[in-house]
Structure formats: C-alpha cells, structure tokens
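**Q** One structure, pasted below without further comment.
Protein chains in written order, with our numbering: chain X, 3 to 256; chain F, 3 to 296.
This is how it looks when you write it as structure tokens:
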C-alpha cells in the first residue's frame, strides 16, 4: 500500500487531568471516505483540532502527505491542503455567502497589501475577478449560487451547512474534515448531504468524517474507525464494524 | 441662527478628524479585541515625526508625511513583533496594560528624541475664513475635514472591497474560524497596527493644522472613548457617527454653555454623554450587546 495521506503517531492530548486523546495511531488512505465514530467525549473533535492546528498535541506526530506538520500554524496547514467544517455551524454570519467562500479562497489567491493601491483604484484586479468566478463556481456546486449575495445568517439551516462545506472546498483541500455535517438535518437534507459528500470525494478529495448518523456512515464510508476514551478500539469496513462486539459495548455500555 | 449654524459646522469639521482617530481605535479593536488606551500618544508621536521630517530633515510637507508614515509603521511593526506576539491569547487586561505602558513610553521617549525640534506643522493654506451662505468657515478646518473624509472613504473601501480587508473582517467575526480557513492571524494583526500608524500620522497632522500642534494632542486620544462608547466599539459607521455627535456637542456647549459657566464645560460635556450612554446602552448605539465591559 502506498503512503497514507494523513498519519498520526501516538497522538496525545489532555485538558488538565482529563486525558482526551491517549496515544492515538491513525492512518487515512488517500482518495477514500473515512469515518470516525465513537461515543461523546471519545476525542473525535479534539483529534480534528490537533490535525488542523487549532490545538497543539502534548506528544505524538502528525504527518500529512509524507511530511511532519505538527509544528505548523493552522493557516499553513490549510495552504498544504487540510480544511475542516465545524460541529456547530461557524460561518461569518454578517457576511454574504459569496464573501464566506472568498475567505475560503484566501490561501489560494495572491494580492499583497499594496495590490489594491497599485491597481486602478476602485476597480477589481484581474486576480480578484478570477477569485470571484471561482467562488461562484463552488457555490454552484453546493447549490447556493442563487443565494450568493444573501448574508449567511439569512440562509436556512441546511444551506448554512452546505455553505460551510463550500467555504472549506474553496481552499482546494486534499483532505476535508467534516465534523458531524448532518447534525440537526432532516432526512431530506441528509440525503442531499450524502450526495454532496460522494460528489466531492469523486473529485479526488479525501474525506475524514465524524458522524453520529449511522445510516450515513454505513452508506458513504469505505472504512470506519471507532474511538473510545481517546483510543482506537476498532477499525474496519462499515459492515464489519456493526457486528464488532467491542463497538457494541462502547455504545451500549457493559 | 447664524451662530448656531456656525457652531454646528465647526462641530462637524472637528468631528471629521475625531472620526479618523476613532477609526484608528476601532481597527485594532475589531481585529484583535484589544483596547488601545494610548491612541492619543500614537497621534502625538505621528505628528512629531511629521514635524521633525520638516524641521529636522528639511523635507516638504508631502515628504514629511511619507517620512512620518514610514516611521510610525515601523513603530507599529516593532510593537506587534516584539511585544504583542509574545502576549498572544493573554488576558484582555494584560493587553490593555501593555497599550497604556506603550503610551507612557512614547510620551517619555518623544521628549528625549525630539528635544529641540519644534512640534508645529505649518499650514500650507491661507488663514482668512471662507463665508459660505453667511456662515464663516475656517479654511484649515474645512480642508482637514475633507482629507479626513477621503481617508474614511478609502478605509471603508479597503475593508469591503479588498482581500486583506475581507480577511480582517473575518478575524473580527471569529478568530478561530479565520485561522481554520487559512488566514495568517499574526500577519493581519500587524497590518491592523500598521494602519493605526498611518492613521496616527494623518489625524495627528490634521489636528496640528487645526489646533496648532504641540501640547494637548494626547488629550485628543481621550475623546475617542466617548465616541466609541456612544457609537459602539466594533462598528465603523457607529464610531463615525459618534465622532460627529461628540464634535457637534463640544462645539454647541462651547458656544452656549461655556460663556455662562465661565468656560471648560465643553471639555466635560462629551464625558457626561459617555456616562449616560453607559447607563442606557453600554454596548453603544450601534454596537453588539455581547461586548465585554471594560
């Protein structure tokens, strides 16, 4: 097997006396959809925070595309191709949908501080025109092109979720981390989300998915990792995971 | 009636410069939630740099402005790099104390560095007031207000039309998410402080045109508090409106109340409004309610 896209090595993190991740080893192969499940407090979101650089690990290594990224600040990791969405929607609420996506493009566009001054004043530069075109294309992909100029808070719940994914996609990630994307969605919205996830994956984006809705996990993912108390307790194809006694125990208690 | 019109116009013109000062304050607050208690000292240092560009280096006004901008941006970058980066994610109180400390440092060192150099900046303008529809208007104030207005326009275009401005607004909205979408926070904090440097030079110079420069410019910084408390700490339009309210209020009280009480009331009037605003709407007329109190 070729080198995994993301590989973490004995990753640990505590908050005070609470050990949230206890020496986690996990590899994500390039190209697939990899789900992470586990009871609340198993360390799933903390794992995302460590991979994206929002938190630093106490110990352990994080390798992405073959190089160590554990010491890099968050924005550099985004530039390398790691982007995420949040469990509770976190959009720039007062900005329009288009502006939210443009911010996702931030790390892919250039234009130093002086660019607007050197350009013809009050006219958009060619780079900015191109950026806008790309942002509109991403909005189209998630079905929000018609709402480009509405502010994010005005969108419906499902639309806000999709906008968050659009903002992440705009940064052209190689690895997209989705933190409970279906939370709070009705069955129809969940179906649309499922289609979107597979579509994004088919375009070559590897997806790491934290999810509680088992129906969604079983349908989209190729491999499922189960976390409990900050450690991996099982990892297998979805059908096998459902039958694993350790998983059943973790969820139902003994 | 004419006296009233004169006072209002005078207040509006002063308000335009106050607005520039308030923007220097709000830029930093919005980007980093930091409260800069030393805006007045920044203005003082900005105008002293321009003055020494003229008197010490022998530059013209344009050259001296450029000299001042380069100098103040350098000060801002050094402050950001040497002090603020080490204090990243420290408590708000620590950051506030640091700005006060820097203000005192600026005041003290300015006395040493600029010793013997005059602090005044000569006006390149005639002194005869214009009379517009029967109301006398001081030319230097009019020009200063026009320049301040142009700066405000450019700044608002920068925040709403440029990539960097958009990123600064994103940081103001949610720092953690801004980081996650790929924005380099430290670079943008540095840019925000650089803007403070440039705004300090401009507003400090304009104020020197109008008020003669030298003493009292630090006090200009204190006016920022009634302005942003009335207008809202995190709102650009609010702080601009707040600046005009304070400017007009000062002018009216100077015209009508000061002669009755023997002077000085106009200097306190805006602080009375500040206290009233704190009782009624502690987050300002245009601010969001979730702002912490200081």
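From the three backbone atoms N, C-alpha and C, an ideal C-beta is built for every residue, glycine too.
As the structure is a computational prediction, the values presented were derived from the model and not from experiment.
Nearest-angstrom Cα distance between residue 96/X and residue 180/F?
**A** Numbered from 1 along the first chain, position 94 holds the residue referred to as residue 96/X. Numbered from 1 along the second chain, position 178 holds the residue referred to as residue 180/F. Whole-angstrom Cα-Cα distance: 14 Å.
**Q** Which residues of chain F have a Cβ atom closer than 8 Å to the Cβ of residue 80/X, listed in chain order?
**A** Here residue 80/X refers to the residue found at position 78 of the first chain. Those are 182, 183, 184, listed as they occur along chain F.
**Q** Run through chain B and tell me which residues come within less than 9 Å of residue 157/F, C-beta to C-beta.
**A** In summary, chain B is missing from the structure at hand, where the protein chains are X and F.
**Q** Would you mind sorting residue 62/F into buried or exposed? The rule is 16 or more other CB atoms within 10 Å of its CB.
**A** The count along the second chain starts at 1 and reaches residue 62/F at position 60. Answer is exposed; the Cβ neighbour count stays below 16.
**Q** I'd like to check one pair, residue 242/F with residue 21/F: are the Cβ atoms closer than 7 Å?
**A** Position 19 of the second chain, counted from the start, is the residue given in the question as residue 21/F. Position 240 of the second chain, counted from the start, is the residue given in the question as residue 242/F. Result yes, Cβ atoms of residue 21/F and residue 242/F sit closer than 7 Å.
**Q** Check whether the segment 138–149 of chain X and the segment 21–30 of chain X are in contact - that is, three or more C-beta pairs closer than 8 Å.
**A** With the cut-off at 8 Å, the segment 138–149 of chain X and the segment 21–30 of chain X do not touch.
**Q** For a cutoff of 7 Å on Cβ pairs, would you count residue 108/X as touching chain F?
**A** Residue 108/X sits at position 106 when you count from the first residue of the first chain. Answer yes: the Cβ-Cβ gap between residue 108/X and chain F drops below 7 Å somewhere.
**Q** Would you list the one or two residues that DSSP bridges to residue 10/X?
**A** The residue you call residue 10/X lines up with position 8 of the first chain. In DSSP, residue 10/X forms a bridge with 28/X, 64/X.
**Q** May I have the straight-line CA-CA distance separating residue 119/X from residue 164/F, to the nearest angstrom?
**A** Looking up residue 119/X in the first chain gives position 117. Looking up residue 164/F in the second chain gives position 162. In this prediction, residue 119/X has a pLDDT of 45, which is less than 50 and means its spatial position is unreliable; nothing more can be read from the coordinates.
**Q** Less than 7 Å between CB atoms is the rule here; does residue 82/F satisfy it with respect to chain X?
**A** Along the second chain, one-based indexing puts residue 82/F at 80. Cβ-Cβ to chain X under 7 Å: no for residue 82/F.
**Q** What span of residues does the alpha helix (DSSP H) with residue 203/X cover, start to end?
**A** What you label residue 203/X is simply residue 201 of the first chain in a count that begins at 1. Residue 203/X -> alpha helix (DSSP H) spans 189–204.
**Q** Taking the alpha-carbon positions, what's the residue 18/F to residue 221/F distance?
**A** Along the second chain, one-based indexing puts residue 18/F at 16. Along the second chain, one-based indexing puts residue 221/F at 219. Approximately 16 Å, taken between the alpha carbons.
**Q** With a threshold of 8 Å, are at least 3 pairs of Cβ atoms found where one atom belongs to the segment 194–207 of chain F and the other to the segment 77–92 of chain X?
**A** Flag = no, the segment 194–207 of chain F and the segment 77–92 of chain X do not touch.
**Q** Among residues of its own chain, excluding the 5 on either side of residue 295/F, which ones have a beta-carbon nearer than 7 Å to its beta-carbon?
**A** Position 293 of the second chain, counting from 1, holds the residue named residue 295/F. Its pLDDT being 45, under 50, residue 295/F is placed unreliably in this model, and the coordinates cannot settle the point.
**Q** Could you tell me which chain F residues have their CB closer than 9 Å to the CB of residue 83/X, listed as they occur along the chain?
**A** For the purposes of this step, residue 83/X is taken as the residue at position 81 of the first chain. Neighbours of residue 83/X on chain F: none; closest Cβ ~10 Å, over 9 Å.
**Q** Along chain F, which residues have their Cβ under 8 Å away from the Cβ of residue 105/X?
**A** Against the first chain, residue 105/X aligns to sequence position 103. Here the neighbours are 168, 169, 172, 180, 183, 185.
**Q** Give the interface partners of residue 76/X over in chain F, defined as CB-CB distance under 7 Å, in chain order.
**A** Within the first chain, the letter at position 74 stands for residue 76/X. Residues of chain F passing the Cβ test: 181, 182.
**Q** Between residue 199/F and residue 78/F, is the Cβ-Cβ spacing less than 7 Å?
**A** As a first step, residue 199/F is located in the second chain; it is residue number 197 there, counting from the start. As a first step, residue 78/F is located in the second chain; it is residue number 76 there, counting from the start. A contact, by the Cβ cut-off of 7 Å.
**Q** Check the DSSP bridge columns for residue 236/X and list the partner residues they point to.
**A** Taking the first chain and counting its residues from 1, the one referred to as residue 236/X is at position 234. Its beta-bridge partners are 228/X.
**Q** Just checking: is the beta-carbon of residue 94/X within a distance shorter than 7 Å of some beta-carbon in chain F?
**A** Your numbering for residue 94/X matches position 92 in the first chain. Yes, contact with chain F.
**Q** In three-state DSSP terms, what is residue 260/F?
**A** Taking the second chain and counting its residues from 1, one reaches residue 260/F at position 258. In the structure shown, residue 260/F sits in a helix (DSSP, three-state: H, G or I).
**Q** If we call anything under 7 Å between Cβ atoms a contact, is residue 11/F one with residue 203/F?
**A** The sequence position of residue 11/F within the second chain is 9, counting from 1. The sequence position of residue 203/F within the second chain is 201, counting from 1. Against a cut-off of 7 Å, the Cβ pair of residue 203/F and residue 11/F comes out as no contact.
**Q** Spatial neighbours of residue 245/X within its chain, please: CB distance less than 7 Å, with the 5 preceding and 5 following residues excluded, ordered by chain position.
**A** Along the first chain, read from residue 1 onward, the residue named residue 245/X stands at position 243. Same-chain partners within the cutoff: there are none.
**Q** Rounded to whole angstroms, what is the Cα-Cα separation between residue 204/X and residue 182/F?
**A** Counting from one through the first chain, the residue named residue 204/X turns up at place 202. Counting from one through the second chain, the residue named residue 182/F turns up at place 180. Between residue 204/X and residue 182/F, the C-alpha separation is close to 24 Å.
**Q** Let me know the alpha helix (DSSP H) ranges lying completely inside the segment 68–100 of chain X, each 4 residues or longer, listed in chain order.
**A** Taking only runs of at least 4 residues, the alpha helix (DSSP H) segments lying wholly in the segment 68–100 of chain X are 76–82.
**Q** Pull up the distance between the alpha-carbon of residue 65/F and that of residue 55/F, whole angstroms please.
**A** Here residue 65/F refers to the residue found at position 63 of the second chain. Here residue 55/F refers to the residue found at position 53 of the second chain. In a straight line, the C-alpha of residue 65/F is about 8 Å away from that of residue 55/F.
**Q** Could you check if residue 229/X is buried or exposed, using at least 16 other CB atoms within 10 Å of its CB as the buried criterion?
**A** As a first step, residue 229/X must be located in the first chain, where it is residue number 227. By the 10 Å Cβ count, residue 229/X comes out buried.
**Q** Would residue 153/X count as contacting chain F if we go by Cβ distances under 7 Å?
**A** Reading the first chain from its first residue, position 151 is the one you call residue 153/X. So no, residue 153/X is outside the interface.
**Q** List, in chain order, every chain X residue whose beta-carbon is nearer than 8 Å to that of residue 176/F.
**A** The sequence position of residue 176/F within the second chain is 174, counting from 1. Here the neighbours are 92, 94.
**Q** Quick one: which chain F residues come within Cβ less than 8 Å of residue 69/X?
**A** Along the first chain, one-based indexing puts residue 69/X at 67. Near residue 69/X there are no residues of chain F at all, since even the closest Cβ is about 18 Å away, more than 8 Å.
**Q** May I have the straight-line CA-CA distance separating residue 90/F from residue 172/F, to the nearest angstrom?
**A** Along the second chain, one-based indexing puts residue 90/F at 88. Along the second chain, one-based indexing puts residue 172/F at 170. Straight-line Cα distance between these residues: approximately 18 Å.
**Q** How long is the line joining the alpha carbons of residue 9/F and residue 264/F, rounded to whole angstroms?
**A** Taking the first residue of the second chain as position 1, residue 9/F is located at position 7. Taking the first residue of the second chain as position 1, residue 264/F is located at position 262. Taking the straight line joining both Cα atoms gives about 18 Å.
**Q** Can you check whether the C-beta of residue 86/X is within less than 7 Å of a C-beta belonging to chain F?
**A** Walking along the first chain from the start, residue 86/X turns up at place 84. Closer than 7 Å: yes.
**Q** Quick check: the Cα distance between residue 92/X and residue 20/X, rounded to an integer number of angstroms?
**A** On the first chain, position 90 is the one that residue 92/X refers to. On the first chain, position 18 is the one that residue 20/X refers to. Answer to the nearest angstrom: the Cα atoms are 26 Å apart.
**Q** Anyone know if the C-beta pair for residue 94/X and residue 181/X falls short of 7 Å?
**A** Counted from its first residue, the first chain places residue 94/X at position 92. Counted from its first residue, the first chain places residue 181/X at position 179. Not a contact, by the Cβ cut-off of 7 Å.
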